[in-house]
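Each residue of the sequence shown is one higher than the last, beginning at 439 in the working numbering.
Note that beta-carbon positions come from the ideal geometry of N, C-alpha and C, so glycine has one too.
Bear in mind that the values here come from a model prediction, so they are computed numbers and not experimental data.
These notes are about the structure you will find just below.
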Amino acid sequence: MADEEKLETVPCPYCRGVILVGAKRCKYCHAELAGMWPEEAADKKPGKNPALAALLSVLCPGLGQYYCGRTDKAIVFVFAFVVLVGLLYWLTFPWVFVAVGAGVDAFLEARKTR
Numbered sequence: 439m440a441d442e443e444k445l446e447t448v449p450c451p452y453c454r455g456v457i458l459v460g461a462k463r464c465k466y467c468h469a470e471l472a473g474m475w476p477e478e479a480a481d482k483k484p485g486k487n488p489a490l491a492a493l494l495s496v497l498c499p500g501l502g503q504y505y506c507g508r509t510d511k512a513i514v515f516v517f518a519f520v521v522l523v524g525l526l527y528w529l530t531f532p533w534v535f536v537a538v539g540a541g542v543d544a545f546l547e548a549r550k551t552r
């Protein structure tokens, strides 16, 4: 009983049902409450610039993904770029597709952080 009394509650901003502070979803109306609490705002990382992420990836595929914190995708794009340039060095266009694809992906990743 003592633990239950320590829990702070507030009314849901949508249905006015009593919910716990920090709840992700209202148990009555099922409204999304993520991002409503001040602690969550402090935990978020600053947003990334989508244009900068795209430019970095076009210049060096994978660099924009690394800038956005997605090292797994960065490794994939670097690997694809190296393989295409290595295998098809005599052609000029295949690596352009990888660079443009990496740029678009980095732009979309950076927009997720905003």
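Counterpart residues of residue i in DSSP-defined beta bridges
i	result
residue 447	458
residue 390	The structure shown has nothing for residue 390, since the chain only spans 439 to 552.
Buried/exposed call for residue i, threshold 16 Cβ in 10 Å
i	result
residue 521	exposed
residue 455	exposed
residue 531	exposed
residue 546	exposed
residue 504	buried
residue 548	buried
residue 533	buried
residue 480	Interpretation of residue 480 is limited by its pLDDT of 49, a score under 50 that renders its predicted location unreliable; the figure taken from the coordinates is listed afterwards. Exposed.
Candidates the options: closest to residue i by CA position
i	options	result
residue 523	511, 502, 498	498
residue 542	551, 495, 471, 461	495
- the stretch 510-521 touching the stretch 537-548, judged by at least three CB pairs closer than 8 Å: Yes, they touch.
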